[in-house]
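Student:
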Amino acid sequence: MPQNCPRCGKMFSREDSPICKDCVKAEAEKFEEVRLFVKENPLSSAQEVSETCGVSVKRLLHYVREGKLEIATGLEGMINCSKCGRPIKNGRMCDRCAKGTASALEGIMAVNKAQAEAKKNTTGMFTNR
Ligand SMILES: [Zn+2]
Ligand SMILES: [Zn+2]
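Positions 144 to 272 (the numbering used here) are the ones given, in order, by the sequence shown.
#1: Does the distance between the C-beta of G234 and the nearest non-hydrogen atom of ligand 2 fall short of 8 angstroms?
#2: Taking a cut-off of 7 angstroms, which residues have a beta-carbon closer than that to any heavy atom of ligand 1, in chain order?
#3: Would DSSP call S193 helix, strand or coil?
#4: So, helix, strand or coil for N233, using DSSP?
#5: Using CA atoms only, rank isn't needed, just tell me which of K232, K211, S187, E176 is closest to N196.
#6: Determine the DSSP secondary structure at N184, reduced to helix, strand or coil.
#7: On the criterion of 16 or more Cβ atoms from any shown chain inside 10 Å, does L254 qualify as buried, or is it exposed?
#8: In or out: S156 buried (at least 16 other Cβ within 10 Å) or exposed?
#9: Using the beta-carbon count (16 or more within 10 Å), is L212 buried or exposed?
#10: Does the beta-carbon of D159 have 16 or more other beta-carbons within 10 angstroms, so that it is buried, or is it exposed?
#11: Only counting the same chain, and skipping five residues up and downstream in sequence, which positions put a Cβ closer than 6 angstroms to that of K262?
#12: To the nearest angstrom, report how far apart A245 and R239 are at their CA atoms.
#13: Does ligand 3 have a heavy atom nearer than 8 angstroms to the CB of R239?
Have a look at this one:
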């Protein structure tokens, strides 16, 4: 059933994409432009990429959230880990959650280890005396 493309307003038959073929193509080309720019200028901030490529920071954020793009700076505080809510730079999850190592158990083990270390140090101090 033909309908209007939400981007350009053109009539198109909705097949497997929510936007028309022209917009899909334009979108892909835009992303390629952004990707190449970031590849050549890996230290650019999101704002710089946005200005140079004419893409909104919001759209860059979208790419980054989808894991398609990595941007060095400028998106701090805009993305949080979907699992633990920690602020992250790229993707959906923080490194720890992505690796699946940020389990509650590991947290407890880390605390236990720290306590054991502290105890050892205290014991060592007494022995030295
Ligand atoms: Zn369109
Ligand atoms: Zn996390």
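Here a beta-carbon is modelled for each residue, glycine too, at the ideal position from N, C-alpha and C. All figures in this text were calculated on a predicted structure; none of them were measured in a lab.
Tutor: Taking the definition as stated:
#1: no
#2: C148, R150, C151, K153, F155, I162, C163, D165, C166
#3: Helix at S193.
#4: coil
#5: Sequence inspection shows Cys at residue 196; the Asn mentioned does not correspond to that position. Closest by alpha carbon: E176.
#6: coil
#7: The amino acid at residue 254 is misidentified as Leu; the sequence shows Val. By the neighbour-count rule (16 or more Cβ atoms within 10 Å), V254 is not buried but exposed.
#8: Label assigned to S156: exposed.
#9: buried
#10: exposed
#11: none
#12: Residue placement at A245 is poorly supported in this model, since its pLDDT is 49, which falls under 50; the coordinates are not used for a value here.
#13: In the structure on display, ligand 3 does not appear, and the ligands it does have are ligand 1 and ligand 2.
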